[in-house]
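Numbering (the numbering used here), first residue to last: 2 to 1079.
Before any comments, here is the structure.
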């Protein structure tokens, strides 16, 4: 029988309902209770069909380990419990195997975990795709782009400590094997207003705090910054420090990530300079000043901050100061310059800071794209990851919330369309009849916002472009006129009679009925934020900057490219970006991750049902479930369905021989499930009602219990029988071993008794023989003793006749023998130490032993000398041989010799091999150096000395310059004929060369050295070793030296020296060189 394969399923060990398509009954309350039940059991992921619902746990869970990655790798989507890895794997395999471009849409409100979800998707794809140095580099660059963008685009808000304040869409490009080639990042609507002002309890963008906390003192001084946050007006102080966030460590992480992504050092430096300039812009303050014509203008209070900004950016101070004080308006050929009052100056300052930071962020995104883009031009597969703001409903909702919610309306629209399309395609593919599904279509809300003629964005643009006085109130009046009758628009001044009595609407507000609920928008700031104006004077001042990066951020400031056309508004730009994004998403297969925030405290284990209910509504989860289960709530391939439920039918259990579909048909007929509750597709079984599925699960659970009981019964019977057989076998073995043991024990007892009896008998026999032998021995000893006494008596009788004649000689020999014996025994105890230089020796006790005493002393000295020599190493033997050679050559001949006896012969005193000064000299000599010493070479002309390095090798004698190390002379040893020196206490010696040799062209050498004895000895031994001839050592107080063609007599005399005990040499005439020795 084949082993049954054990598979897991989404339905196994289910906590709550893993796929809410199967939820019964389907209400808002049951959805929330199901999410809470799973959340309480650390199950943060739940499915709605192929959509993943993720509830932020606000803590680390052990569900993202490498082992988990392997668990979900290449597995069916519904095969394991819900997980973000399952969706990531499904998207990656569809892209790799089916050649379908994918997109993963991650939505949810701030703090719901969208950014972390996008990181998990990217880390999973990086883990399961190919390996290799190049592939790993691409993956590392893609992953390391996140810390950079988070530092510059994320901030702490009241709802999230790491809230993304921009929308990010990343296209990851793969080759045909599924290995990443690169990526492209698109950013949407950075919340640049945060640069200049943050709500209470929130922070500015992370990078400002990271720079001040993590930069070194040297870098801060270079950027003209201080570490104290309170020094900067753009940084809120009430939330400057965030618990659990190490800004200094994050700064190091960001710099390392920028290096990995590919930023050059000068680029990182330029980016930090721009960040520092933005920080310092907030410290510029203005004061009012009246002009003669009565107009108000503004002046900068403290120009020190302005000066430092100009030094950072390379802008002329006067140019930037004028840009903050005046505004130039150009119309056709005319230019009009007007002064700015204090309020307008502050507006200009903040506009510059916002634009500078926003453009820097866009430059960072483009720079990252340059590094991570695919280098090959082959056809690529694409997986897009969209991490964008969720639907936002605050107490005060402004222009930012309006366009964010507009984007979410568009995402909801494409979500419903693609979900229905996917359902319809699957029904058609499986041959199931398609029925129309009723659902709420939010196209009417999208049209209210984006219609080109009477949409809210179009009217906002029209109001911004209208001449005359334009305010937020005039914009609201226009909305009231145009949108008054729209069923999803409300305002206090609306002409629609339905809302005339709605006093909950304050003035200067309007309300839109979004798909996620009603949102009240404060109209204040809509016009200014949509205009997003930066005065041309500031753009031109930035373009004149000496800072290359800042200059590139403001191309419109180039006077040669002045464009009088009004730049597009923020709303129209965002609308175009959203249209492009929607067009991009419609070309890809969508995958959805809906993120939910369980509480506002950012705390673990807290599930706020009211907050979750609000998110469930605006995420449209209930609508999503209804759309998904409008046709069939559950579908499954025939093979896994049969494998799961085959035990419910006798015909399919334990193995079905035919096709899987036929087995499922037999199974469902056997269970008598109503025909209207299911349909057979081409490859799947479709179940209409979740109750039918739960009925199958209950039957399966009961059947598994019955099977478990049967298995237990069979197992227990088998276990008992096995135990009985084992006991029976054990009893037989134990009996056999016991019988063996009893026989062995009896045998050992008999053997022991036998041995005791044998030992007693042998003992008795031995004692009997011993008695007999002792008696025999005593008899023999008695006979021997008697014979000895008898022989003694006979000998004494004979000896008495000769005793008196030989007694004296015998006594003398005996006495002498005893004296010699005593002498040797005493000498044994009086032997001196084994030191060869110990001259102690015991005195002679008797005169007749004089020659013996001396010979014994000589033998002992030779013996201890041999023992002492045996201890020498080869190196020591060589030294003593040289010392012995020196003794034979100079003892009693040279007065300098006794002082050299105690000095060890070292040879290479200069250590040329270790001294880098003589590297050139070392490289020039290939032979082993025997002597390396500085000597004084006597000048032939005047008798003065010059320092030279004296080198002796195995074959040559060399002289080298002491300072440069350059070889001056090289003499082969075969050309050295004699060495001459005096008998006095000086270090002068002459080296005589063979006449006619090349080395003798300048004559013999005369040297002076402190190691004369050693040098002469080594020269003698080396010459003897190489030439097999003894070198002539002449010791005389007068000797001749050949200087070129002349022979000069060197004469040594006794004399008093002015400079102490140093011998001096002086040239007396052409034939005499006199050396005065003290």
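Heads up, the beta-carbon is just placed ideally off N, CA and C, and yes, glycines get one too.
Return the chain-ordered list of same chain residues with a C-beta closer than 7 Å to the C-beta of residue i, the five sequence neighbours on each side being excluded.
i, result
"residue 38", "16, 17"
"residue 254", "148"
"residue 404", "190, 572, 575"
"residue 123", "143, 144, 386"
"residue 914", "923"
"residue 559", "544"
"residue 141", "261"
"residue 523", "397, 398, 399, 509, 510"
Taking the DSSP output, what are the residues bridged to residue i?
i, result
"residue 729", "Note: residue 729 sits in no beta bridge, so no partner."
"residue 989", "1009"
"residue 523", "510"
"residue 245", "DSSP output for residue 245 lists no bridge partner at all."
"residue 1035", "981"
"residue 933", "909, 952"
"residue 597", "56"
"residue 1043", "1048"
"residue 572", "According to DSSP, residue 572 bridges with nothing at all."
"residue 328", "339"
"residue 592", "105"
"residue 155", "165"
"residue 1066", "1076"
"residue 962", "949"
Is it true that the CB of residue j sits closer than 8 Å to the CB of residue i?
i, j, result
"residue 716", "residue 693", "no"
"residue 164", "residue 214", "no"
"residue 391", "residue 113", "yes"
"residue 431", "residue 682", "yes"
"residue 1016", "residue 932", "yes"
"residue 797", "residue 837", "no"
"residue 420", "residue 665", "no"
"residue 1051", "residue 991", "yes"
"residue 353", "residue 274", "no"
"residue 244", "residue 289", "no"
"residue 649", "residue 700", "yes"
"residue 464", "residue 479", "yes"
"residue 525", "residue 473", "yes"
"residue 73", "residue 81", "yes"
"residue 211", "residue 589", "no"
"residue 384", "residue 96", "yes"
"residue 241", "residue 204", "yes"
Between which residues of its own chain and residue i is the CB-CB distance below 8 Å, once the five residues before and five after are set aside?
i, result
"residue 1", "Outside the shown range of the chain (2 to 1079) lies residue 1, about which nothing can therefore be said."
"residue 549", "271"
"residue 862", "837"
So residue i packs on residue j, CB below 8 Å; how close in whole Å?
i, j, result
"residue 921", "residue 966", "5 Å"
"residue 206", "residue 156", "5 Å"
"residue 1093", "residue 22", "Outside the shown range of the chain, which is 2 to 1079, sits residue 1093, and nothing can be said about it."
"residue 375", "residue 539", "Actually they do not touch by this definition, with Cβ atoms about 38 Å apart."
"residue 1035", "residue 1054", "Not confirmed; about 18 Å, so no contact."
"residue 520", "residue 406", "6 Å"
"residue 49", "residue 58", "That pair is no contact at about 19 Å."
"residue 1", "residue 471", "As displayed, the chain neither begins before 2 nor continues past 1079, which places residue 1 out of reach and without an answer."
Take residue i and list the residues in its own chain whose beta-carbon comes closer than 6 Å to its own, dropping the five residues that flank it on each side.
i, result
"residue 1070", "none"
"residue 263", "372"
"residue 1073", "1050"
"residue 1066", "939, 944, 1076"
"residue 1032", "1021, 1024"
"residue 361", "275"
(message) Contact between the segment 276-285 and the segment 228-236 is defined here as three or more beta-carbon pairs at a separation below 8 Å; is this criterion met?
(response) Because the criterion of three Cβ pairs below 8 Å is met, the segment 276-285 and the segment 228-236 touch.
(request) Answer yes if the segment 168-185 comes into contact with the segment 216-228, meaning at least three C-beta pairs across the two stretches below 8 Å, and no otherwise. (result) no
(message) Whether or not the segment 505-524 and the segment 533-546 are in contact is what I'm after, with contact meaning three or more pairs of Cβ atoms, one per stretch, closer than 8 Å; do they touch?
(response) At 8 Å Cβ cutoff, the stretches do not touch.
(message) Below 8 Å, how does it come out for the segment 568-584 and the segment 354-370: are there three or more Cβ pairs, yes or no?
(response) Counting Cβ pairs under 8 Å, fewer than three are found: no touch.
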